[in-house]
Structures are given as structure tokens and as C-alpha cells.
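Taken in order, the sequence shown gives residues 686 to 986; the numbers are from our numbering. First up is the structure itself, then whatever we jot down about it.
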Amino acid sequence: MKVTADGDFGEWITVGGNRFYPGYIIKGRQKRLMIDAGINLMGPAYITSLEKIFGDKNALDYVFATHSHFDHLGAIPYLKRKMPHLQAGAFERVGALMKKKSVLDLMTFLSDLQRGFFQNIVGEEDVRIEPVDFEFHLKEGDRFDLGGVTCEVYAVPGHTGDSLAFFIPEIRALFAGEAYGIPEGDKDGHVQVEFLSSYDDYVSSLEKLIGLQPKIIGMAHMWVFTDDDAAGFLKRSLEATPRYRKLIETYLDAANGDIDAAVQSMVKKEYDEKGTMMQPRESYLQNLKAQVRHVAQISAF
Ligand SMILES: [Fe+2]
């Protein structure tokens, strides 16, 4: 099934925040882990969820980020201010990135574009994205025993160089940010392909995720796939990837290899005219530029 990311998924998983920016809370008997926390404006909503689920707004032990985009870890500084005992984890370089002013400024800029929608969540809270420490520099093979369930870490580069997947083997639940793309909001099950840092790595990572045979997949935004639809989604995502590369090549061809012109005509046709994508336009545009540049390079335009 494809269902919205709301409420409980079995005994061990509850969605924190809301379906647009779900923080997947894994309720181990000893440790509580939230996977992804973004954007920063959602911070107070995650705390509200903790109080609702556990009757305790300090109930979290770990927060892990699937990758370094603002809509996946932007709320970590806020959560750490609220819960000083909270331990954060992400791929090694993310700790350094989250100390760079230029990176934090860009995250703040992208998030402020959406501030109007979040005013009722933010209220008077201080949700600033400030430099933050990551206690865990996560890598493939790391395992966290949460009590009754385990969180396994896999490296899945391609969307970004620092993308990680978190897999709970006892219930075959998988959380990998955008390493497997984004389902478009149409009925035909199209997948928006999300390789930004490397096409080849993205394909290999997808193959690795398929090998895990997940029964539950928590998407970065909006959706959870269960049972046969989990495998079906990953298969569609893998099939869509070379198709999407071809599509970018077509736009580059039509623009005689001019990257900016290809981006402009693509955003108009694929985003504005189709209107099926859930992602905010500015984020889509940032990602598209990276993709077109990358394809221009690997396809020798
Ligand atoms: Fe992302």
C-alpha cells in the first residue's frame, strides 16, 4: 500500500511532526531514535509529537539525518537546544558542514521561503539554524541496538555524497531520505529521480536498497510504502533513473549543450506545466541545476 505518513506503523514506528516533514520515530525499548528532522520551522512540532507519544517532551535519545539537506536536519539545532542530552548522527562530513556559515545561511534562506506556512507551528519559538555538534559520525556497518529493534546504517551516495540509509531488520523498515527518489503526486506512480552528486552511485545505491527487501519504506516526504508496494516503488525508481538521464540529455541537446538554457526550459516544462511535483520550486530548481550539470559532464556535452 501507499499511505500517507501519519500516525503509527506497527508497534515500533510513529511519525513525528507531520506528513510533509516526517520525523520517523523508532520506539526501541531502551532507546528512542528519530530519523530526519527538518525543516527547522518544524522543530516545535516534533516536540509536540514526543509529548503526545511518550507523555514526555524530552523522550528522544538519538536523532539521525539521512543527508545534509535543510529539510532533513534543519531542526536538529532546535531539538538539541530543547534536549541537551540528545545525540545527533549523520555521515562524517555533515558535522563539519553544519558548522559552516555559508551552509547554514543557505539552509535558512531556503527554509524562510516557506515561513508563512509554518507560523502556527513556530509561534514565538527560537528555531534558528546554528552550528551544531554531531556525536556520531555514521558509516556503513554501524548498528544501534535500541532494545527489541536495531538500526543498521548503510552508505547510499548519489543523491548527495553523504546520503545514508537506516534499516530496521526486525521489521524490514527502510528510511533513506531521497536516495530512492520522490514519488510524484500523480496516479501513475511516477518517480522523481534525485541523483545530484553521482548518477552511477545513485544506481548502485538503489540496487543496494532493493537487496534489503524492505517491507516498509518511509519516504522523505508525504508517503509510506508497505508490503509489495515497497518493492514496487524501488523497482520503478530504478527504472526511472536511466530514463530521466535520457530526458536531461534531450534538453541539453535541444539547448546545444547550454546548461542554463536546458535548466530553464526543463523547469518550465517538467515542473511548471506538469504541476505534479510536491517539492517547492526553489528546491527543485537547485537540484535540477546540479543534475543537468552532472549529466552534461558524464554524457560529454
Ligand atoms: Fe534531499
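The C-beta atom is built at its ideal place from N, Cα and C for all residues, glycine as well. Keep in mind the model is a prediction, meaning the values are calculated, not measured.
Determine the contact status of residue i and residue j, defining contact as a CB-CB distance below 8 angstroms.
i, j, result
"methionine 719", "glycine 701", "yes"
"arginine 930", "tyrosine 884", "yes"
"aspartate 847", "histidine 752", "yes"
"valine 841", "lysine 824", "no"
"alanine 773", "tyrosine 731", "no"
"lysine 687", "phenylalanine 852", "no"
"alanine 981", "leucine 932", "no"
"methionine 783", "valine 817", "yes"
"glycine 780", "histidine 822", "yes"
"glycine 874", "methionine 962", "no"
"leucine 789", "glycine 713", "no"
"alanine 744", "leucine 758", "no"
"lysine 900", "aspartate 912", "yes"
When the Cα of residue i is compared with those of the options, which residue comes out closest?
i, options, result
"arginine 966", "Ala850, Leu758 and Leu795", "Leu795"
"arginine 800", "Gly728, Val841 and Ile856", "Gly728"
"alanine 775", "Asp943, Leu849, Gly874 and Phe705", "Leu849"
"aspartate 886", "Leu970, Thr699, Ala750 and His844", "His844"
"isoleucine 711", "Val807, Phe880 and Leu859", "Leu859"
"aspartate 945", "Lys737, Asp790 and Gln971", "Gln971"
"lysine 742", "Gly723, Lys765 and Asp943", "Lys765"
"glycine 833", "Gly826, Ile856, Val812 and Asp827", "Ile856"
"alanine 696", "Arg704, Tyr709, Ile983 and Asn703", "At residue 696 the sequence reads glutamate, which differs from the alanine that was named. Minimum Cα distance to glutamate 696 is reached at Tyr709."
"histidine 906", "Pro762, Gln877, Val888 and Lys954", "Gln877"
"serine 882", "Lys900, Leu973 and Glu809", "Leu973"
"glutamate 810", "Gly780, Thr733, Lys953 and Thr835", "Thr733"
"threonine 699", "Glu934, Ala750 and Phe739", "Phe739"
"methionine 792", "Glu736, Ala750 and Asn725", "Asn725"
"glutamate 924", "Lys954, Gly866, Gly960 and Ala975", "Gly866"
"lysine 767", "Tyr969, Arg813 and Glu958", "Arg813"
"phenylalanine 705", "Ser984, Gln964 and Val977", "Gln964"
"serine 984", "Thr935, Glu777 and Ser950", "Thr935"
"asparagine 703", "Phe803, Leu771 and Glu777", "Phe803"
"valine 977", "Asp943, Gly960 and Lys954", "Asp943"
"phenylalanine 918", "Ala864, Lys954, Gln949 and Ala975", "Ala864"
"glycine 826", "Thr835, Gln949 and Arg778", "Thr835"
"glutamate 777", "Phe819, Leu771, Lys786 and Asp797", "Phe819"
"alanine 975", "Ser787, Met951 and Lys959", "Met951"
Return the Cβ separation of residue i and residue j in integer angstroms, given the expectation that the two are a contact with Cβ distance under 8 angstroms.
i, j, result
"aspartate 756", "lysine 716", "About 25 angstroms separates the two Cβ atoms, so there is no contact after all."
"alanine 915", "isoleucine 895", "With 8 angstroms as the limit, alanine 915 and isoleucine 895 do not qualify as a contact, their Cβ atoms being about 10 angstroms apart."
"methionine 904", "proline 868", "7 angstroms"
"leucine 891", "serine 922", "6 angstroms"
"tryptophan 908", "alanine 690", "6 angstroms"
"phenylalanine 880", "threonine 926", "7 angstroms"
"proline 762", "glutamate 815", "5 angstroms"
For residue i, decide whether its Cβ has a neighbour in chain B, counting only Cβ atoms nearer than 8 angstroms.
i, result
"glutamate 955", "The structure shown contains no chain B; it holds only a single protein chain."
Exercise. Would you mind listing the beta strand (DSSP E) stretches within the region 860-943 that are 3+ residues and don't spill past its ends, in chain order?
Key: 901-903 and 908-911
Self-check item: Residues whose Cβ lies closer than 5 angstroms to any heavy atom of ligand 1, in chain order
Solution: His754 and Glu863
Quiz item: Can you list, in chain order, the stretches of the beta strand (DSSP E) that have 3 or more residues and sit fully within the region 804-842?
Solution: 821-823, 828-830 and 835-840
Quiz prompt | Those runs of the alpha helix (DSSP H) which lie wholly inside the region 697-762 and span at least 4 residues | solution = 728-739 and 755-758
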